[in-house]
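Worksheet for the structure shown next.
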Amino acid sequence: MKLASLLFAAAIAALVACGQGAAAPATPEPALDTMLHADGQPCESSAQCASGACEGTCDDGGGVCASRDRACTADLVQYCGCDGETFAGSGSCPGHRVAAREPCPS
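Using numbering that gives the first Met the number 0, the first residue of the sequence shown is number 0, and each one after it goes up by one.
Laid out in structure tokens, this is it:
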């Protein structure tokens, strides 16, 4: 009987000791929205698309995420991007939103 009482007292002491000074778990930081848009979803930049391609014009309507697994022509056309920089892309799949289908003015 003494042994059972001693073991019980030791177990209680261990539980109390573990509980003292233990900090409350920290509240996790809110997760950033890392969801990428699927093909066909509206986008403002290619970084928002799972495919990495946001195509359309630079107007207020934004672009649309485009599939990378589509048939594109092999020609290279110069485009003026929304950032004012000229880039080259497929004539049928530019891969970015465009201001014009020509080089940007210098």
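All C-beta atoms, glycine included, are put in the ideal place defined by N, C-alpha and C.
It should be emphasised that the depicted structure is a prediction, and the values quoted were computed from it without experimental measurement.
Item: Burial state of Arg96 (16 or more Cβ within 10 Å); Value: buried
Item: Pairwise C-alpha distance: Gly94 and Ala65; Value: 8 Å
Item: Coarse secondary structure for Gln47, derived from DSSP in three states; Value: helix
Item: Close beta carbons around Leu103, own chain, < 8 Å, minus the five adjacent residues each side; Value: According to the sequence as given, residue 103 is Cys; it is not Leu. Cβ within range, chain order: Cys79, Gly80, Gly83, Glu84 and Thr85.
Item: Inter-residue spacing [alpha-carbon to alpha-carbon] between Arg67 and Asp59; Value: 24 Å
Item: Distance, Gly61 Cα to His36 Cα; Value: 13 Å
Item: Whole-angstrom distance between Gly39 and Cys92, CA atom to CA atom; Value: 14 Å
Item: Bridge partner(s) assigned by DSSP for Cys79; Value: Thr85 and Ala99
Item: Ser50 classed as buried or exposed, judged by whether at least 16 other C-beta atoms fall within 10 angstroms; Value: buried
Item: Gly62, enclosing beta strand (DSSP E) - first and last residue; Value: Gly62 to Cys64
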